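Contents: one structure, followed by commentary.
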Amino acid sequence: MTKKLYARMMKASCPIDTESMAKMLPVLQHETIPHAMSDKGVRQVFFFVDRQDNTVFSITMYDTEEDLHNAMREAKSEYRFESLAKLGCTALDAREFEVVAGAVAPDAPEVDFAKLIPIEKD
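Heads up, the sequence shown is in the numbering used here, so the first residue is 13 and it goes up one at a time.
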């Protein structure tokens, strides 16, 4: 039997200017991602910025379809909408997928995003 993976894609409209991104990145890296990683079955979380249409996407990978369905319930939660509002963002979409193909180069460097993005100091 082949191991399946599942993914959630969320999309939000966000301010992408330099000042907004400087405020957003520490929150994403040090609050949003740890919260997402605490969900059952989460394997990876990545955020992507589309500067052409001022949107931010996240892709979260899950072990099981049940884990994904549980996560999709959170995609509709008050926490998500409050977190987005804190960043000046508005939710646009949340979708679920079965991952059917992929690869990672054996020599791909591991990136420690938490070390690259400093914690925002008030």
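Ideal Cβ positions, reconstructed from N, Cα and C, are used throughout, including at glycine. If you're wondering where the values come from, they're calculated on a predicted model, not measured in any experiment.
The residues Thr-67, Val-68, Leu-96, Cys-101, Thr-102, Ala-103 and Leu-104, in chain order, have a CB closer than 7 angstroms to that of Ala-24 in the same chain once the five nearest residues on each side in sequence are set aside. Here the C-alpha atom of Ala-87 lies approximately 24 angstroms from the C-alpha atom of Gln-64. In the displayed model, Ala-120 falls within coil according to three-state DSSP, outside both helix and strand.
Annotation for His-42: Ile-131 place their beta carbon closer than 6 angstroms to its own, counting only its chain and skipping 5 residues before and after. Counting along the chain, no beta strand (DSSP E) covers Lys-52, and no H or E run does either.
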